[in-house]
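Peer 1: Here it is: the structure, laid out below.
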Amino acid sequence: MALIILRFLFLLCAGGVSAIINTQLLDTSTSVPWLVFAGTMAIALAVVVADIYAPKKKIDTISSIYFGLLIGVLLTYVLSIALAPLLAATFVGPAIPQMVMALILCYICVSVLLQTKDDFRFLIPYVEFVREVKGFKPLVLDTSVVIDGRIADLVGTGIFDNQLIMPRFALTELQAIADSGDKLRRTRGRRGLDVLNRMRADDNVDLIIFDRELPELAGQTVDLQLVLLAKHLEGKVVTGDFNLNKVAKLHNVPVINLNEISNALRPVFLPDETFRLKVIKAGEGPEQGIGYLDDGTMVVIEGGRNRIGQELDVRVTSTLQTNAGKMIFSKVESR
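Below, the structure written as structure tokens:
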């Protein structure tokens, strides 16, 4: 809406400019008001159409062209003052050499900045275009990580100072899950909405709903939209979805996987350590029982099959780390 209003005002101003031009040309017999108006409006419409059909604009390219032209004009001005005596002596007058010099210098300056725009902050150290966000890089949340709920506990610890972004399309998907006819899906969706409300109510959490519609997201799947949005914002995707993790890595977008964080924070038991554990069920082996630590780590207990429901002292024999998590192998501690 803001762009529509801006374009309307631009065309209105263009009409005003054409009226001013016609006023200045009233004294001349060659003045053609309608031709001036049509030409001015045609130029204005061409600018608007070019803006509409070029929606993806990079700030580094625009800033390179802007500063290149600025530096070129300044160099032209300085050189024209320095070479004024020489230019005045030429038979063509000083104006033509100045225009040629301005054309060459502006081209060279813009070309150099475009070729070195990745090092722009080193060329102009006091001018740098950055997003005003909290922390280093914004974190784009997907639906699964909100439903999971651990992100609220993790952010509540203060370990992340980044801005959290919940895209509108992901929120729409979450609302559809909350309105599902399936009871389990409906419960999960409502839990996700509760987690979002909990984070928004926390003054220490910087959570925003991203409403902008980017052209490159049109027609893409939700997972790919999340990845492209994180790439556009130069942020990271926060997820617990294995497939989304893979898609993000294919697009070279950084990913924070809550399952990997959980695995990294699980307590480490070294071989020959002992701890107390309750046997929950029988294992696959003839003498094996299965127990679980508080964080969900599975413990295989040799000699625990016939002692289901009891709390035993077990001794660690080995550990196994897999993509699904960590497994601990132990045996019943003899007294």
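Position 185 of the sequence shown, counting from 1, maps to 184 under numbering that gives the first Met the number 0, and the rest follow consecutively. Note that beta-carbon positions come from the ideal geometry of N, C-alpha and C, so glycine has one too.
Tell me the DSSP secondary structure of T238 in three-state form.
Peer 2: It is a strand residue.
Peer 1: Is it right to say D335 is buried, meaning 16 or more other beta carbons lie within 10 angstroms of its own, or is it exposed?
Peer 2: In the structure as shown, the chain begins at 0 and stops at 334. Residue 335 is therefore absent and cannot be evaluated.
Peer 1: To test your reading of the DSSP string, which unbroken beta strand (DSSP E) runs of 3 or more residues are found completely within the stretch 209 to 268?
Peer 2: Counting only runs of 3 or more, we get 235 to 238, 254 to 256.
Peer 1: So what does A281 bridge to, in DSSP terms?
Peer 2: The partner list for A281 (beta bridge, DSSP) reads G288.
Peer 1: With DSSP as the reference, identify every bridge partner of L276, one or two as the case may be.
Peer 2: The partner list for L276 (beta bridge, DSSP) reads L311.
Peer 1: When DSSP builds the beta bridges, which residues end up paired with F159?
Peer 2: F159 pairs with nothing; no bridge assigned.
Peer 1: Does the beta-carbon of F209 have 16 or more other beta-carbons within 10 angstroms, so that it is buried, or is it exposed?
Peer 2: So F209 ends up on the buried side.
Peer 1: Cα separation between L232 and L74?
Peer 2: Roughly 36 Å between the two C-alpha positions.
Peer 1: Can you tell me whether T220 is buried or exposed, with buried defined as 16 or more other CB within 10 angstroms of its CB?
Peer 2: Result: exposed.
Peer 1: Excluding five sequence neighbours on each side, which residues of the same chain lie with their C-beta closer than 8 Å to the C-beta of R275?
Peer 2: For R275, where only same-chain residues beyond five positions count, the Cβ hits under 8 Å are E310, L311, D312, V313.
Peer 1: Could you tell me if I3 is buried or exposed, where buried requires 16 or more neighbouring beta carbons within 10 angstroms of its beta carbon?
Peer 2: Under this definition I3 is an exposed residue.
Peer 1: Rounded to whole angstroms, what's the CA-CA distance from A217 to V278? Just pull it up for me.
Peer 2: Near 52 Å, if we compare the C-alpha coordinates of V278 and A217.
Peer 1: Consult DSSP for T22 and reduce its assignment to one of helix, strand or coil.
Peer 2: Reduced to three states, the DSSP call for T22 is helix.
Peer 1: Just tell me which of T238, V254, N305, S317 has its CA closest to the CA of T273.
Peer 2: For the residues T238, V254, N305, S317, the minimum Cα distance to T273 belongs to S317.
Peer 1: In terms of DSSP beta bridges, what is P166 paired with?
Peer 2: P166 is bridged to F209.
Peer 1: What does the alpha-carbon distance come out to for the pair Q224 and H250?
Peer 2: In a straight line, the C-alpha of Q224 is about 12 Å away from that of H250.
Peer 1: Which residue wins for smallest C-alpha separation from D202, given the options L264, G155, I19?
Peer 2: Residue G155 is the option with its Cα nearest to D202.
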